[in-house]
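Residue numbers for the sequence shown follow the working numbering, so the first one is 16 and each next one is one higher.
Note that beta-carbon positions come from the ideal geometry of N, C-alpha and C, so glycine has one too.
Accompanying notes for the structure given below.
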Amino acid sequence: MKKVLFVCLGNICRSPTADAVFTKRVSKLIPNIIVDSAGTANWHIGNPPDARASATAEEQGYDMSGLYARAVIRDDFHDFDYILAMDRQNLSDLETLRDGQGTKPQLFMDFAPAIAMREIPDPYYGGEDGFVKVIKMIEQASDGLIDKILA
Ligand code: 4NP
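Structural data, given as structure tokens:
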């Protein structure tokens with residue numbers, strides 16, 4: 016059974032959105048997959064997703080209820096088959112924590128080669144349209160990752 020972990024900074028905007036979007040898109044194709052998300056920072060542990068993120072997700076048909084922030088731990092590198100970073104800072108922070116052991120983290124957008132941007136921009140300090148953009152990017156990368164897992 017494959018296990019997929021999405022990682023951003025706070026685990027309240029991008030990575031829980033990726034969890035919800037990927038879970039919905041993958042569920043009919045790969046029923047026994049495990050999906051989770053985490054943050055490299057510990058500021059929001061235990062908190063639900065940002066209200067703007069969950070409202071935008073709901074508008075686009077995705078359900079973020081039941082998700083709560085946690086921080087990445089070293090066991091994650093041994094537990095998960097795919098660890099997907101939203102931006103290069105997340106990737107660098109993950110590589111430091113991993114210390115050469117376990118699953119190597121990847122940039123999630125590397126699974127969406129048709130989109131030029133390799134990083135999903137942090138929407139936290141921006142406007143509402145940033146959250147819609149994040150979902151569109153995550154949809155593309157999710158479908159690329161599903162293709163990779165099914166290949
Ligand atoms: P995320 O966004 O990494 O996509 O969850 C952020 C959430 C919170 C903060 C920064 C980014 N923050 O500074 O609290």
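Secondary structure within the region 41-101: the alpha helix (DSSP H) runs of 4 or more consecutive residues, fully enclosed, are 66-74 and 91-94 (chain order). Following the DSSP letters along the chain, one finds residue 109 in no beta strand (DSSP E) but inside the alpha helix (DSSP H) bounded by residues 103-113. Distances taken from the Cβ of residue 83 to the heavy atoms of ligand 1 include none shorter than 6 Å. Of the residues assessed, residue 93 falls on the exposed side of the cut-off, its CB having fewer than 16 other CB atoms within 10 angstroms.
Distances between the C-beta of residue 27 and the heavy atoms of ligand 1 include at least one below 6 Å. Taking C-beta separations shorter than 7 Å and ignoring five residues to either side along the sequence, the partners of residue 18 in its chain run 49, 94, 95 and 96, following chain order. According to the DSSP secondary-structure assignment, residue 18 is paired through a beta bridge with 49. For ligand 1, a non-hydrogen atom lies closer than 6 Å to the CB of residue 139. Rounded to the nearest angstrom, the gap between the Cα atoms of residue 164 and residue 156 is 12 Å. Approximately 6 Å separates the beta-carbon atoms of residue 112 and residue 87; this is inside 8 Å, confirming the contact. For residue 99, the CB stays at least 6 Å from every heavy atom of ligand 1.
Per DSSP, reduced to three states, the secondary structure at residue 121 is strand.
Relative to ligand 1, residue 20 has its C-beta separated by 6 Å or more from all heavy atoms.
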